[in-house]
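For the record, the sequence lines run as chains Y and E.
Under the UniProt record's numbering, the first residue of the first sequence carries the number 1, and numbering increases by one thereafter.
Under the UniProt record's numbering, the first residue of the second sequence carries the number 1, and numbering increases by one thereafter.
Here is the structure we will look at.
Protein chains: 2
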Amino acid sequence: MKYRELAKILKVEIDKGKYHDTGKLPTEPELMEHFGVTRYCVRNAIALLVDLGDVYPVQGSGMFVRENKREGCLNINNTRGMTSEFPGHAVSSKVIKLEQREAGKDSTRLKCASGAKIYSVSRLRLLDGEPFAIEYALYLKEFVPYLNEEIANGSIYSYIREDLGLIPGFADKLMYARKLDHGQADLLGLSAGDPALVVEDDAYLSNGRLFNAGTVYYHYEKATFFNLADLK
Amino acid sequence: MKYRELAKILKVEIDKGKYHDTGKLPTEPELMEHFGVTRYCVRNAIALLVDLGDVYPVQGSGMFVRENKREGCLNINNTRGMTSEFPGHAVSSKVIKLEQREAGKDSTRLKCASGAKIYSVSRLRLLDGEPFAIEYALYLKEFVPYLNEEIANGSIYSYIREDLGLIPGFADKLMYARKLDHGQADLLGLSAGDPALVVEDDAYLSNGRLFNAGTVYYHYEKATFFNLADLK
DNA sequence: GAGTGGTCTAGACCACTAG
DNA sequence: TAGTGGTCTAGACCACTCG
């Protein structure tokens, strides 16, 4: 068994509350025995769970489940798009503008040549039918060769991953607060000057190539992010 | 040599720009040879750098330096206090209120018994003498047995770590945007109703015990956070 | 095909906690 | 002191890229 499989199994068990009574995972020897795997596999699997913030280690004592019921919050470390954040809820999009054009000032942000072909997409993101965020996104046509309104009305991330077969690897994010302008406020059902939580997101493929840069203005009363920070 | 030592050495070299020309680290065999260590040591050291967002791996190709010059930004994953975020700048504090009392409604947040002794500290945090954030923090006296204004005017984190010998392990954070009230706005030199970037921070010791819970209101024009998200 | 990082084995000993 | 997780060795083979 691969350690990533074991990590998935353990994560499901944790989420189901299987270890809630003791608050800790079985010991390494027990896991080795129970799943018939080596210590390498067990330790690598658990290391993934530690990175995800699901458990934390106490040497000499055990691997403890990290309670973090952040129901309804957005994970700052998520690189899988907004849809994956709200299982059981309806995440939809309303395209405000979608155009293919050449990179101008955007070329700095996209680290591409001036004149490179890009898609520019503005969307209102809705959660259960309510305005949740405004997203301004740029995609390099080199990696995303086609995009239309139908796709953009759904999950662009799924399209990129499942239909185009691209593999996102990591993302750099900036977060800050700003005032909404009139146009943004109208879209979100707020007033001009109201706060917005702003996230700039540069997404890279697993080979290190930047393919998408976006800025998202979140409804300040509806969006909360969580982060499980670890001492490295 | 321990892998954590090697990681430190490599991080310093990366920060000095040693690998800027090629954009990638030496190969594993080269690092093994150069530092006289085993592959275990090399791979564990690099894994730490990957977690920190300093490099990213491309199988079959190499370990590439991840450019992330976030000068002047706050690291969301930081668990070392604000002072460590701005080397070369003056981070100071002005105590607004400091009291020792018993936990009331706070006991939920602090996961402690109602009536447990706590320190409650409100501080204006200044960056280079300018108002930067307002911090409301609670410390369990069980872990932080003493605190006074002199300490709070400096870095409470350093005090906890170096003088009390406590070892922070991890932290849970919530981030959102809110409007400032009049009192907060005055302290920050802003107007009531202006945005604030709010961070709720629950800090745990390495043994998993919660010892500190805080809420910080950051000046929306001055504070920007960054996060280097990784696909796990 | 050579070279890269990724996975895996089968052990050993160390550091820390209180099962 | 027994049991826990942490570090480490010395190999082997696999998956992927194009140095």
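Yeah, the Cβ is synthetic: ideal placement off N, Cα and C, and Gly gets one too.
Cα-Cα separation between residue i and residue j, rounded to whole angstroms
i, j, result
"tyrosine 19(Y)", "arginine 161(E)", "32 Å"
"isoleucine 156(Y)", "threonine 215(E)", "35 Å"
"proline 57(Y)", "asparagine 207(E)", "8 Å"
"arginine 43(E)", "valine 50(E)", "10 Å"
"glutamate 71(Y)", "phenylalanine 225(Y)", "11 Å"
"leucine 228(Y)", "glycine 88(Y)", "23 Å"
"glycine 169(E)", "leucine 210(E)", "10 Å"
"alanine 213(Y)", "glycine 53(Y)", "26 Å"
"serine 114(Y)", "aspartate 106(Y)", "8 Å"
"aspartate 21(E)", "glutamate 13(E)", "13 Å"
"tyrosine 176(E)", "asparagine 153(E)", "27 Å"
"leucine 197(Y)", "proline 131(Y)", "14 Å"
"arginine 80(Y)", "arginine 123(Y)", "17 Å"
"glycine 165(E)", "glycine 189(E)", "36 Å"
"aspartate 41(E)", "leucine 10(E)", "The sequence as given places cysteine at residue 41(E); aspartate does not occur at that position. Going from the Cα of cysteine 41(E) to the Cα of leucine 10(E) covers about 12 Å."
"leucine 205(Y)", "arginine 178(Y)", "29 Å"
"methionine 1(Y)", "cysteine 73(Y)", "33 Å"
"serine 191(Y)", "arginine 125(E)", "30 Å"
"serine 120(Y)", "isoleucine 134(Y)", "13 Å"
"alanine 203(E)", "lysine 16(E)", "31 Å"
"histidine 182(E)", "aspartate 194(E)", "10 Å"
"phenylalanine 35(Y)", "tyrosine 3(E)", "29 Å"
"lysine 222(Y)", "valine 91(E)", "32 Å"
"glutamate 6(E)", "alanine 45(E)", "Just to set this straight, residue 6(E) is leucine in the shown sequence, not glutamate. Rounded to the nearest angstrom, the two C-alpha atoms are 6 Å apart."
"serine 93(Y)", "leucine 147(Y)", "14 Å"
"glutamine 184(Y)", "glutamine 59(Y)", "50 Å"
"asparagine 68(E)", "aspartate 172(Y)", "8 Å"
"leucine 174(E)", "isoleucine 76(E)", "10 Å"
"methionine 32(Y)", "lysine 24(Y)", "16 Å"
Contacts that residue i makes with chain E (C-beta to C-beta distance below 7 Å)
i, result
"proline 131(Y)", "Residues of chain E passing the Cβ test: none, with the nearest at roughly 15 Å."
"residue 242(Y)", "Because chain Y spans 1 through 232 in this model, residue 242(Y) falls outside it and cannot be assessed."
Per-residue DSSP class, three states only, for residue i
i, result
"valine 167(Y)", "According to the sequence as given, residue 167(Y) is isoleucine; it is not valine. Looking at isoleucine 167(Y) - three-state DSSP - the assignment turns out to be coil, as it is neither helix nor strand."
"histidine 34(Y)", "helix"
"proline 87(E)", "coil"
"glycine 62(Y)", "strand"
"histidine 182(E)", "helix"
"tyrosine 119(Y)", "strand"
"alanine 223(E)", "coil"
"serine 93(Y)", "strand"
"threonine 215(E)", "strand"
"arginine 109(Y)", "helix"
"residue 257(Y)", "Here chain Y covers residues 1 to 232 and nothing more, so residue 257(Y) does not appear."
"serine 54(Y)", "Looking at the sequence itself, residue 54(Y) is aspartate, so the reference to serine does not match. If DSSP states are grouped into helix, strand and coil, aspartate 54(Y) belongs with coil."
"lysine 173(Y)", "strand"
"proline 29(E)", "helix"
"tyrosine 204(Y)", "strand"
"tyrosine 19(Y)", "coil"
"glutamate 130(Y)", "strand"
"asparagine 44(E)", "helix"
"alanine 196(E)", "strand"
Within chain E, the residues that residue i reaches when beta carbons sit closer than 9 Å
i, result
"tyrosine 220(Y)", "Tyr176, Ala177, Arg178, Lys179 and Pro195"
Closer than 7 Å: residue i CB and nearest the ligand ATP heavy atom
i, result
"glycine 193(E)", "Looking at this structure, you won't find the ligand ATP or any other ligand, since it has none at all."
Residue i: contacting residues in chain Y (beta-carbon distance under 9 Å)
i, result
"valine 58(E)", "Gly169, Ser206, Asn207 and Gly208"
Contact set between residue i and chain Y, taken where Cβ atoms lie within less than 8 Å
i, result
"alanine 229(E)", "Ile76, Asn77, Asn78, Thr79, Phe170, Ala171, Asp172 and Lys173"
Proximal chain E residues relative to residue i, where beta-carbon distance stays under 8 Å
i, result
"threonine 224(Y)", "Leu174, Met175 and Tyr176"
"cysteine 73(Y)", "Leu174"
*Quick one, which residues of the region 171 to 194 of chain E are near chain Y if we go by CB-CB under 8 Å, in chain order?*
Ala171, Asp172, Lys173, Leu174, Met175, Tyr176, Ala177, Arg178, Lys179, Gly193 and Asp194
*With contact counted as at least three CB pairs below 8 Å, one residue from each stretch, are the region 108 to 117 of chain E and the region 128 to 140 of chain E in contact?*
yes
*For the region 95 to 105 of chain Y against the region 64 to 72 of chain Y, are there 3 or more C-beta pairs whose distance is under 8 Å?*
no
*Output, in sequence order along the chain, the residues in the UniProt domain "HTH gntR-type" (1 to 68) of chain E whose CB is closer than 7 Å to any CB in chain Y.*
Leu48, Asp51, Leu52, Tyr56, Val58, Phe64 and Asn68
*Count the CB pairs spanning the region 214 to 229 of chain Y and the region 16 to 31 of chain E that are closer than 8 Å, and state whether there are at least three.*
no
_Residues of the region 138 to 157 of chain E in Cβ contact with chain Y at a cutoff of 8 Å, in chain order, please._
none
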